[in-house]
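Take the sequence shown: its position 402, counting from 1, is numbered 406 in the numbering used here, and each next residue is one higher.
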Amino acid sequence: MQEVTVGIAGAAGDGLDKSGDTLAKSCSRLGLHVYAYNCYQSIIRGGHIWLRVRIGENKVYSHGDNLNVLVALNQDSIERHAMEVEEGGAVLFNSDRLSCEPSQVRAGVQVVGLPMKKITEEVVKEHGALLPIMQNTVAMGAAAYFANVGLEEPSSVLADTFAHKGQKVIDLNVSLLKVGYEFAKANFKPVTKEWKFTHKKRCFLTGNEAIAIGAYAAGCKFYSAYPMTPASTILHWMANHANETGICVKQCEDELSVINMAIGAGIAGARSMCATAGGGFALMTEAVGMAGIMEVPVVCVEVQRGGPSTGLPTKTEQADLWQVYGASQGEFPRLIVAPRDIVDCFNTTVDVFNLADRYQLPVLLMSDLLLSEHPETVDPEVFNGNPVIDRGEIVSEWPESKGKFKRFKFTESGVSPRALPGTANTAFVSASDEQDEESILISDMFTSPATRRKIMDKRGRKIENLLKELPAPVLEGPADADLTLVCWGSTWGPVKEAAELLTAQGIKTNLLNIKYIAPFHAKEVEAIMSKAKKKISVEVNYTSQMARFIKAETGISMDAHINRYDGEPMEPLYIVGHVKRILAGVALDYDVTEAEAKDMAYHYIRTHAQEKLRPTAATRESSNGHGEPTWNVELSERATGKLAARMKVGVSTGATYSFEKLAEEK
5 MQEVTVGIAG AAGDGLDKSG DTLAKSCSRL GLHVYAYNCY QSIIRGGHIW
55 LRVRIGENKV YSHGDNLNVL VALNQDSIER HAMEVEEGGA VLFNSDRLSC
105 EPSQVRAGVQ VVGLPMKKIT EEVVKEHGAL LPIMQNTVAM GAAAYFANVG
155 LEEPSSVLAD TFAHKGQKVI DLNVSLLKVG YEFAKANFKP VTKEWKFTHK
205 KRCFLTGNEA IAIGAYAAGC KFYSAYPMTP ASTILHWMAN HANETGICVK
255 QCEDELSVIN MAIGAGIAGA RSMCATAGGG FALMTEAVGM AGIMEVPVVC
305 VEVQRGGPST GLPTKTEQAD LWQVYGASQG EFPRLIVAPR DIVDCFNTTV
355 DVFNLADRYQ LPVLLMSDLL LSEHPETVDP EVFNGNPVID RGEIVSEWPE
405 SKGKFKRFKF TESGVSPRAL PGTANTAFVS ASDEQDEESI LISDMFTSPA
455 TRRKIMDKRG RKIENLLKEL PAPVLEGPAD ADLTLVCWGS TWGPVKEAAE
505 LLTAQGIKTN LLNIKYIAPF HAKEVEAIMS KAKKKISVEV NYTSQMARFI
555 KAETGISMDA HINRYDGEPM EPLYIVGHVK RILAGVALDY DVTEAEAKDM
605 AYHYIRTHAQ EKLRPTAATR ESSNGHGEPT WNVELSERAT GKLAARMKVG
655 VSTGATYSFE KLAEEK
């Protein structure tokens, strides 16, 4: 299978997103599979933004590991990412103002300086002076050549992108795209062979868009939210399509109002949904319990990001499992589910609306920044645009001959008849207090222990029956594997690719992905885990939350854990490397590496030196009086390359011990 990964790096405001979108959509239209991931900061201008577009003839399940092509829009990007480009690849940059030394790339990597002023002379004559951001289009033309995807589709995508700005702007951008392509073609070789283009039309969407579309397909009629990254784009989609979908979309003043409005819509009979991130969900938890005791169907999407508190607003993590599992006080039926990919986001959203209605309970759908925001190509036939809609036990009429309507009637299934407001003869009171069958509050009188026990049993039967309906997790890969990787949520994609790589290298590996968290298939998971030869959990959190959850439910512990909690998602080779380390019995090294020391220096420079310096070298020193080895990082002036300062970073602690500016020569 042929594939190529293109990285685009620069600062916030440099237009990376549109450049990556152009390349990704072009490849998608050619029938190639695409997976993109944007690593960005919580900043409007400046900083460091990093976008990766992975392209393949077959389906790709992650953003991959290393690069084949790097489009560097500033010097910082060359210094940070040029060494990630594999042999045979290329580093592209504006040679009028940037430089890339041979020592900054691996052997066999093409250093491609684009002389922007020279190659755009004719374009300037025809269209006038260029804006700085237009260098991106020239670079994308060159990237299109190196990726071997031609000019036709990128030109078509640009035409669509700038259609609202008129033909003159379209012609300008297509001309810039062409000069970049032709320059690269005249001077360099592409990094890939000819592709087998199928031109199959595929969807190109994110997990949040899939959730929003799934909600629409499921008949959602009310959506409430307060903007919070990384859940905000669900609100964007809903607001943009409210008129054509007939969905009532409400942006509320806070998350308390968000979930209470969604619950109110559910009581009124509308299929309703809300969404937030971990911080917003913290405000919603009491209302989750209210939906549980009032037995109201509502779907709440919780999109995880780096925490605690405000934490890392634009970084991914899987650290909210215990928060969501323990949401609200007391015990009540609820469904907690974590889809694994974009297709699963759509299908699961459709399913949980039916389950919420049938079992009259709140559904907590867990995603994360990676799954919610990364776009990828998806075959359109996997989406069912006309799913079965099951509203459950809704009564449309209640004759007086049937006696008093009992909203919380004790039934064998645990599911009681549900009447929508306005249905004759079905008036009832429902609040956050415990109630009996007739919805009379039992806390307002001498509490009947038997009544309380029976209402708890009734609600409990719902969860027992729901568990029987949910599909149990199954092993993926060889049944006789030497190793089982256990994961959940978006980590499934990188783990799937890592398992395939390990198996190809002689370490037979399968994987177990946990989708349904509550209720949990404890017996089925225990049966699988008890037969596994070696079990390793793979999670984007610090404390191995899913592994701990499995142990609590089954009594089975993992043999080892692979964790990532630096804000970035798992990558296949990251997993493979740690698996081999674990199998070899090598302890995890927590020391700061040379590359990490330089990265920490970049952060220090950004906050203390106005980004005028850059780390150029780092040496390790043991005897320094600090009680631990340090990295002595040399910092040079970006403009001149002259050594200007030094800083010391602790190898064990990562502490910045000193920052010393060198005296200027007189």
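Here a beta-carbon is modelled for each residue, glycine too, at the ideal position from N, C-alpha and C.
Point to revise | Cβ pair C43, L27 closer than 9 Å | key: For this step, residue 43 is matched to residue 39 along the sequence shown. For this step, residue 27 is matched to residue 23 along the sequence shown. It is not a contact, given that the beta carbons lie outside the stated cut-off.
Check your understanding: Grouping DSSP H, G and I as helix and E and B as strand, with all else coil, what is F226?
Key -> Indexing the sequence shown from 1 puts residue 226 at position 222. The answer is strand: DSSP assigns F226 an E or B state.
Practice item. Look up R362 in the DSSP assignment and say whether it is helix, strand or coil. Key: Walking along the sequence shown from the start, residue 362 turns up at place 358. Reduced to three states, the DSSP call for R362 is helix.
Exercise for review: Please state if the CB of L316 and the CB of W199 are separated by a distance shorter than 9 Å.
Suggested key: Locating residue 199 in the sequence shown gives position 195, where the first residue counts as 1. Locating residue 316 in the sequence shown gives position 312, where the first residue counts as 1. Contact flag unset, no.
Exercise for review: Report, in whole angstroms, the separation of the C-beta atoms of E257 and G282, which I expect to be a contact under 8 Å.
Suggested key: For this step, residue 257 is matched to residue 253 along the sequence shown. For this step, residue 282 is matched to residue 278 along the sequence shown. Rounded, the Cβ-Cβ distance is 19 Å, inconsistent with contact.
Review point. What residue range is occupied by the uninterrupted beta strand (DSSP E) comprising T634?
Key: Numbered from 1 along the sequence shown, position 630 holds the residue referred to as residue 634. Element bounds for T634: T634 to E641.
Check your understanding: From A331, I271 and S452, pick the residue whose C-alpha is nearest to that of A431; which is it?
Key -> Counted from its first residue, the sequence shown places residue 431 at position 427. Among A331, I271 and S452, the Cα nearest to that of A431 belongs to I271.
Check your understanding: Between the C-alpha atoms of V8 and K29, what's the straight-line distance to the nearest angstrom?
Key -> Taking the first residue of the sequence shown as position 1, residue 8 is located at position 4. Taking the first residue of the sequence shown as position 1, residue 29 is located at position 25. Using only the alpha carbons, I get a separation of about 15 Å.
Exercise for review: Please name the residue in A621, E600 and S436 whose C-alpha comes closest to that of E638.
Suggested key: For the purposes of this step, residue 638 is taken as residue 634 along the sequence shown, with counting starting at 1. Cα-wise, what sits closest to E638 is A621.
Exercise for review: Measuring alpha carbon to alpha carbon, tell me which of K413, A454, L424 and N429 ends up nearest E441.
Suggested key: For the purposes of this step, residue 441 is taken as the residue at position 437 of the sequence shown. The residue with the shortest Cα to Cα distance from E441 is K413.
Practice item. Determine, using beta-carbon pairs with one atom in the region 316 to 329 and one in the region 389 to 409, whether at least three such pairs fall under 8 Å. Key: no
Review point. In this structure, does DSSP put N70 in helix, strand or coil?
Key: Stepping through the sequence shown from its first residue, residue 70 is reached at position 66. Coil at N70, not helix or strand.
Check your understanding: For M5, which residues does DSSP report across the bridge?
Key -> As a position in the sequence shown, residue 5 is number 1, starting the count at 1. Per DSSP, none; premise fails for M5.
Exercise for review: Mind listing, in chain order, the continuous alpha helix (DSSP H) runs of no fewer than 4 residues lying wholly within the region 433 to 490?
Suggested key: 453 to 473
Practice item. Can you grab the Cα-Cα spacing for the pair L155 / R618, in whole Å? Key: As a working mapping, residue 155 is identified with position 151 in the sequence shown. As a working mapping, residue 618 is identified with position 614 in the sequence shown. Going from the Cα of L155 to the Cα of R618 covers about 36 Å.
Check your understanding: Would you call the CB atoms of I215 and A291 closer than 9 Å?
Key -> On the sequence shown, residue 215 is found 211 positions in, with the first residue counted as 1. On the sequence shown, residue 291 is found 287 positions in, with the first residue counted as 1. No, the Cβ-Cβ distance between I215 and A291 is not below 9 Å.
Review point. Can you give the Cα-Cα distance for K121 and A235, rounded to whole angstroms?
Key: For the purposes of this step, residue 121 is taken as the residue at position 117 of the sequence shown. For the purposes of this step, residue 235 is taken as the residue at position 231 of the sequence shown. Roughly 42 Å between the two C-alpha positions.
Check your understanding: Since E664 is in the alpha helix (DSSP H), which residue starts that stretch and which ends it?
Key -> Within the sequence shown, residue 664 is the residue found at index 660, counting from 1. Here E664 belongs to no alpha helix (DSSP H); instead the beta strand (DSSP E) covers T660 to K665.
Check your understanding: With DSSP run on the structure shown, which of helix, strand or coil describes N247?
Key -> Counting from 1 along the sequence shown, the entry for residue 247 is found at position 243. N247 falls in the helix class under three-state DSSP.
Check your understanding: For C31, which three-state DSSP category applies?
Key -> As a working note, residue 31 is residue 27 in the sequence shown. Correct three-state label for C31: helix.
**Study point:** Euclidean distance between Cα positions of M460 and L369
**Key:** Here the question's residue 460 lines up with position 456 in the sequence shown. Here the question's residue 369 lines up with position 365 in the sequence shown. Going from the Cα of M460 to the Cα of L369 covers about 24 Å.
Practice item. State buried or exposed for Y220, treating a residue as buried only when at least 16 other CB atoms are found within 10 Å of its CB. Key: Position 216 of the sequence shown holds residue 220. Its Cβ being crowded by 16 or more others within 10 Å, Y220 is buried.
Practice item. Out of A508, N517, G654 and I340, point me to the one whose CA is closest to V478's CA. Key: One-based indexing of the sequence shown puts residue 478 at position 474. The residue with the shortest Cα to Cα distance from V478 is N517.
Check your understanding: Counting pairs of Cβ atoms below 8 Å between the region 329 to 337 and the region 181 to 193, do you hit three or more?
Key -> no
Check your understanding: Exposed or buried, what is A536 when buried is set at 16 or more other beta-carbons lying within 10 Å of its beta-carbon?
Key -> Sequence index remark: in the sequence shown, residue 536 carries index 532 (1-based). Its Cβ being crowded by 16 or more others within 10 Å, A536 is buried.
Point to revise | Cβ pair count under 8 Å reaching 3, the region 628 to 637 against the region 62 to 76 | key: no
Review point. Using DSSP with H/G/I as helix, E/B as strand and the rest coil, what is A536?
Key: In the sequence shown, counting from the first residue as 1, residue 536 sits at position 532. Coil, per DSSP.
Review point. So what's Q45 in DSSP terms, helix, strand or just coil?
Key: Residue mapping note: residue 45 aligns to position 41 of the sequence shown, counting from 1. Residue state, collapsed to three classes: coil.
Point to revise | Neighbourhood of E572 by C-beta, 8 Å cutoff - its chain only, sequence neighbours within 5 removed | key: For the purposes of this step, residue 572 is identified with residue 568 of the sequence shown, where counting begins at 1. Within the same chain, E572 has close Cβ partners C43, K319 and T320.
**Study point:** Distance between beta carbons of A86 and I47, contact taken as under 8 Å
**Key:** On the sequence shown, residue 47 is found 43 positions in, with the first residue counted as 1. On the sequence shown, residue 86 is found 82 positions in, with the first residue counted as 1. With a Cβ gap of about 23 Å, I47 and A86 do not count as contacting.
Review point. Roughly how many angstroms separate the alpha carbons of A454 and I446, rounded to a whole number?
Key: Walking along the sequence shown from the start, residue 454 turns up at place 450. Walking along the sequence shown from the start, residue 446 turns up at place 442. Distance between the alpha carbons of A454 and I446: 11 Å.
Practice item. Locate the beta strand (DSSP E) running through G92, then write down its first and last residues. Key: Translated into positions along the sequence shown, residue 92 becomes position 88. Per DSSP, G92 belongs to the beta strand (DSSP E) from V89 to N98.
Check your understanding: Where A360 and V367 are concerned, what is the direct C-alpha to C-alpha distance, given to the nearest angstrom?
Key -> Taking the first residue of the sequence shown as 1, we reach residue 360 at position 356. Taking the first residue of the sequence shown as 1, we reach residue 367 at position 363. When rounded, the distance between both Cα atoms is 6 Å.
Review point. Which residue's Cα is closest to the Cα of G654: K616, Y594 and F192?
Key: Mapped onto the sequence shown, residue 654 falls at position 650. Per the Cα distances, Y594.
**Study point:** According to DSSP, residues forming a beta bridge with F387
**Key:** The residue given as residue 387 occupies position 383 in the sequence shown. Per DSSP, none; premise fails for F387.
Check your understanding: How far does the alpha helix (DSSP H) with Q333 in it reach, from first residue to last?
Key -> Working through the sequence shown from its first residue, we reach residue 333 at position 329. No alpha helix (DSSP H) contains Q333, which DSSP labels as neither H nor E.
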